[in-house]
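**Q**
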Amino acid sequence: MSRTCPAVLTIAGSDSGGGAGIQADLHTFAACGVWGASAITALTAQNTLGVLATHTVPAPFVRAQIDAVMQDIHPTVWKTGMLATTDIIETVAHAAAEYAIPHLVLDPVMVATSGDALLEEDAHHALIHRLLPRATVITPNRAEAEALTGLLITSLDEMRAAARILHGIGGAAVILTGGHIEDPEWRGHAVDLFFDGTDMYLLAAERITTTNTHGTGCTFSAALAASLAQGLPLLTAAQHAKTFITHALRAAADYQLGRGHGPAGHFLLAQSAPLDPSLVRVVRLGW
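All letters in the sequence shown, in the order written, are residues 1 to 287 by the numbering used here.
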């Protein structure tokens, strides 16, 4: 009897350096044991030092890629990354509605680690009002959450306020990632905030000291999507994703690839200890 392989579709930009975007997503899906399919929204000429050039894929061809995958492989989870333009965002939103996707993980990729813009300024409104209401969960980092809400986020209270605003826009759960907050209790930790409209949790793990941080947001959201495809509840999937990125950062900490911000160690995990969920502390918060 044949077995069904969980599958995830990533809709994102290509990173020629291999550390972020489509490449990071596919690396992560493979490491997490799910099949990864892709629809490429943009080509980028980039490396560990930055983005040299971008070439956006026409929206109708993005849709053609989505249709080709959905008509044959039928992923139950989609994960978005760099969407680049309003037309592509509208295309993805329409397709998600037509295919009635059970889970959409929205990683609102707006700016690269190097500071290069990856989303047109006039596309912010479409991202918030057209795609966010289709999402199961949104995974902004602190800078992205500030851009989407207009808040300055430096404290736990400000993280909580931003999560409430983002959830209120379309009802998606929020995982605000990569928090380095001004709170003595969490000094030395990488703190994420989870809010699903009912419960609020902190997910805290050791902050890994490394310059190999390229693609960490893509990697986290891809691991989250993989966990959802394997049937895990959202909070458990978030803990698994946090565990995965913590191990990946630790595994790559002593490696050098390129002369800038190197990638996380997606496949170096195989050479290290098995994933240990106890690395991530989950703390329930009051509203």
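Heads up, the beta-carbon is just placed ideally off N, CA and C, and yes, glycines get one too. Keep in mind the model is a prediction, meaning the values are calculated, not measured.
1) In whole angstroms, what separates the C-alpha of A226 from that of D25?
2) Return the CA-CA distance between I169 and D107, expressed in angstroms with no decimal places.
3) For the putative contact between G13 and G81, defined by C-beta atoms under 8 Å, what is the C-beta separation to the nearest angstrom?
4) Exposed or buried, which one is S155 when buried takes at least 16 other CB atoms within 10 Å?
5) Which of the three DSSP states is assigned to A172 in this structure?
6) On the three-pair Cβ rule with 8 Å, is the region 233–245 touching the region 182–189?
7) What does DSSP give as the partner residue(s) for E206 in the beta ladder?
8) Please go through the same chain and pick out, in chain order, the residues whose beta-carbon is closer than 7 Å to the beta-carbon of A126, but skip the five residues on each side of it.
9) Are R130 and A93 closer than 7 Å when you measure CB to CB?
10) Could you give the residue range of the alpha helix (DSSP H) that holds D87?
11) Closest to A96 by C-alpha separation, out of V174, A135 and E120, would be which residue?
12) Please list, in chain order, all residues of the same chain as Q46 whose beta carbon is under 7 Å from its beta carbon, the five residues on each side excluded.
13) Can you tell me whether DSSP reads S38 as helix, strand or coil?
14) Taking the straight line between their C-alpha atoms, what separation do you get for G231 and R3?
15) Buried or exposed, going by whether 16 or more other CB atoms sit within 10 Å of the CB of R192?
16) Kindly indicate the opening and closing residues of the alpha helix (DSSP H) around R142.
17) Start and end of the alpha helix (DSSP H) containing H261?
18) So, under 8 Å CB-CB, A145 and A162 are touching, yes? Tell me the CB distance rounded to an integer number of Å.
19) Who are the near neighbours of A205 in its chain, counting only those whose CB is closer than 8 Å to its CB and skipping five residues on each side?
20) What is the residue span of the alpha helix (DSSP H) that S278 lies within?
21) Nearest-angstrom Cα distance between A7 and L148?
**A** With the given structure in hand:
1) 10 Å
2) 15 Å
3) 6 Å
4) exposed
5) coil
6) no
7) H189
8) T86, I89 and E90
9) yes
10) T86 to Y99
11) A135
12) D15, S16, G17 and L52
13) strand
14) 15 Å
15) Reading off the sequence shown, one finds Asp at residue 192, where the question assumed Arg. Result: buried.
16) R142 to T149
17) Segment: none, H261 is in no alpha helix (DSSP H) and carries neither H nor E.
18) 5 Å
19) H189, A190, K242, T243, T246, L279, V280 and R281
20) Note, S278: premise wrong, no alpha helix (DSSP H); not H, not E.
21) 30 Å
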